[in-house]
Structures are given as structure tokens and as C-alpha cells.
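Novice: I'd like to ask you about the structure that follows.
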Amino acid sequence: MSNITIKDIAQYAGVSKATVSRVLNHPQAVDDKTRAIVQKVIKEKNYRPSVTARNLSKRKSSTVGVILPKVDNVFFGEVLRGMIHVADKNELTVMCFNSDDSKKKDLQTLEIIEDHRVRGLIYVPAVPYEKKEERKALNKHLKALDAPVVIMDRDIGLPVDGVFFDDSKSMYNATKYVIDAGHTKIAIINGTQERVLARQRQEGFSRALEEAGITVPEEYIMLDDYSIQSAYRMTKNMMKLPVQPTVVITCNNDTTKGFLEAIYEGGKSIPKDYQNVSLDKLEMLNILGIPYSYIERDAYQMGKKAMEQLINRIAFPDKSYRHIIIESPFIKQSL
DNA sequence: TCGCCTTGGATTACGGCGCT
DNA sequence: AGCGCCGTAATCCAAGGCGA
100 MSNITIKDIA QYAGVSKATV SRVLNHPQAV DDKTRAIVQK VIKEKNYRPS
150 VTARNLSKRK SSTVGVILPK VDNVFFGEVL RGMIHVADKN ELTVMCFNSD
200 DSKKKDLQTL EIIEDHRVRG LIYVPAVPYE KKEERKALNK HLKALDAPVV
250 IMDRDIGLPV DGVFFDDSKS MYNATKYVID AGHTKIAIIN GTQERVLARQ
300 RQEGFSRALE EAGITVPEEY IMLDDYSIQS AYRMTKNMMK LPVQPTVVIT
350 CNNDTTKGFL EAIYEGGKSI PKDYQNVSLD KLEMLNILGI PYSYIERDAY
400 QMGKKAMEQL INRIAFPDKS YRHIIIESPF IKQSL
């Protein structure tokens, strides 16, 4: 089943390849009659130009690379959907990779992407990229792409475009809501502090407490790797404390799940025994009608914005880089 | 083993033709 | 001479074939 090429169409229509190409790309430059014939043949033969050949000829690729840390996380699923929506409209193809949040895989993936000569890259860095040499190596890889890069979700301080949520602010707001509702025994499950996002979230949390003159016991601050398992384990420990918190703030989908698993296993529930404030909506809780409050991050929007920013950068490579900050509202269901 | 075609499919600069 | 229309040929890059 050999593919139909522009040459075939030219032959059938009795014109040259150039004319077929013009019908496709500059129709006004072709006589009405000729154009009609060519278009008819194109339709009959169901011809579509080869993207590879077009890329070769135009010296530019039409694929953009995307590296996500965890594609099985619904948050990044939504992000990807937003990206593809915008890419489709701009005749770009998304080539998506999963890094499993590993720096090693990150760098390997960047090489593969380089081999593919992509037009641009949207990149969610694995965490954490704190060491200077690591960031240097990373930057070298990004430069080697010779294509614009948009960093997403995690600001690791590189001078490139980026799209982020205002995690510090939204966590501050959420904590303030909790305090205003009269709570003082507030616990948090967050990531370890070498992670940029975890730091920002912790900062917002602490600031709100400080402003209200509230101090919480050290044991209420539970920091680990954002996984279900660690959240589960830390919650189990928390439940042994003599004085229990009234609110637990969980800083991502998985920590919310781990937290819920632990308390339900212990015969406790929300919102009866603990209130829960979650960063990100957990669809299942809404479906089950279990009241919790959450910071609603619009992941779809983030994906869209990142792709738009990349396309913009492709069009205007020389403008100075820009960071887009997306605000995320607090949805109050209990407290 | 080394350089030198050729191949794949599309785009486009350039120039030729016929006509006013 | 200038314009509209169209064809020729060069070009993009990587990989494979070929002769030296």
C-alpha cells in the first residue's frame, strides 16, 4: 500500500508538482480551472502531503516535545489535554515523555528529544534540581535542543519561559480560611523542602500561621516525597499523637489519598474526625459527596497556557522571557 | 574505509511562455 | 513591458549504495 505522493497527483492532474504544491499552499496563485482539476484529483486519491517531507523541505519540525514527571497523575493528564488542544489548532504534533520524576531519565529523554529535532519543548523538571552542577548539565541539554523551552509547574530558576501556579499564595489563602474558621490545630502533609514547590507551599502555610500568631507542634508538619505510601505512614504516626489536629492540609492528590486511607483504616473519617483541605480537587470525593475543601488548580488551563507560550516564543524568539502565574481559587466545602 | 552519488517527498526561487 | 500562470531545478537532511 504505497502512499500517494505529490508526484502522483501531478501526473493524474496533468500538471507539475509545483502546481500541486501551490494549490495546497498558495491557491490564489493558480488559475481557477487548474486549481479545480487538482483539487478534484487530490480528493479522489485521498491525498495528504507527507509531514516528514514538508519538514525536510521547510527545514523545521512540526513536533513539540513534552516531558511530564508522572503521566498517570490526573493532574498531568489534564495538563496534556490542554496542550494537545492548542497544538492541534496550530498544526503541531505533541510527542510526550514520562520521566517518573527521575533526573537521570530527564536527561536521557532530553537527548532523545534532541535527536528528534523538535520545534520546541515543554518541560516539567524532575525534582529536585538543587545542585548547581546538575542545573548546569540540565541547561546544557536544553540549549542543545536549539529550540525554545517552556518550563512548567516547577520553577527551577532558569532564564526561560515558564507557567506556574502561585503555590505560596494559594496555600496562604487556604490556611487563612482554615484559621478564620476557628481552627488552630492544623497539620500539613507536604513534600521535603529541597523541592521548590514544597518550599513555596510551606512558606504560604507558615506565613498565614505566623500572621495569626499560631504555632503548631513539630509533629503536625509532615514532609516527605508526596507519595501515597509516605502520606499513609505519616498519617498513621500522626494518629498516635496525644493531641489530634482538627484539620489536615494535604499538598497533592497522592498525599490526600494516603491520608484518607490511613484515617479510614483507623475508623476515622472526614469531616467528622478531621477536616481536610486538599491541594487539587480529588474527583472521587466530590462524587461521593464527602465534604472537603480544596485549592482548585486548573491543570487544563496550565497546559493550554504553556503551549500557547511556546508557540508565541517560536514566533518571537527574541523577546525576553516571561513567567505566567496562574491563580488558583479556594473551594470551601466544610470547615 | 573513504568520499561521492542517490533517494525519499515537498517547497519555492527563478525564469519562460503567451497574452494584453 | 508587465502580468498571470506554470514548470524546472535546487534544496532541505539522513541514510544507504557504490566505486576507488
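For what it's worth, the working numbering labels the leading residue of the first sequence as 100, then goes sequentially.
Glycine residues also receive a C-beta, built at the ideal position from the N, C-alpha and C atoms.
Ends of the beta strand (DSSP E) at F263?
Specialist: Taken as a continuous stretch (DSSP letters only), the beta strand (DSSP E) holding F263 covers D260 to F264.
Novice: By the three-class DSSP mapping on this structure, what secondary structure does G113 have?
Specialist: Coil.
Novice: Mark S392 as exposed unless 16 or more other C-beta atoms lie within 10 angstroms of its C-beta, in which case mark it buried.
Specialist: By the neighbour-count rule (16 or more Cβ atoms within 10 Å), S392 is buried.
Novice: Evaluate Q292 with the Cβ neighbour count: other Cβ atoms within 10 Å of its Cβ, from every protein chain shown; 16 or more gives buried, anything less gives exposed.
Specialist: By the 10 Å Cβ count, Q292 comes out exposed.
Novice: Mapping DSSP to helix, strand and coil, what is G388?
Specialist: Three-state DSSP puts G388 in coil, outside helix and strand.
Novice: Find the nearest neighbour of P290 within the set V249, E143, Y420 and D324, judged by alpha-carbon distance.
Specialist: For the sequence presented, residue 290 should be read as Gly rather than Pro. That would be D324, whose Cα lies nearest to the Cα of G290.
Novice: Quick one: grab the DSSP three-state call for N145.
Specialist: In this structure, N145 counts as coil in the three-state DSSP scheme.
Novice: With distance defined between alpha-carbon atoms, name the residue in A109, L434 and V122 nearest to A280.
Specialist: The shortest Cα separation from A280 among A109, L434 and V122 belongs to L434.
Novice: Quick check: what's the CA-CA separation for E213 versus A243?
Specialist: About 7 Å.
Novice: How many Å lie between E210 and V342 at the Cα?
Specialist: In a straight line, the C-alpha of E210 is about 52 Å away from that of V342.
Novice: DSSP three-state label for D323, please.
Specialist: Three-state DSSP puts D323 in a strand.
Novice: From E233, I221, D187 and I430, pick the residue whose C-alpha is nearest to that of D252; which is it?
Specialist: Looking at the Cα atoms, I221 is the closest of the given residues.
Novice: Less than 8 Å between the beta carbons of L381 and T345, yes or no?
Specialist: No, they are not a contact pair.
Novice: Tell me whether I386 is buried or exposed, calling it buried when 16 or more other Cβ atoms sit within 10 Å of its Cβ.
Specialist: Burial call: exposed.
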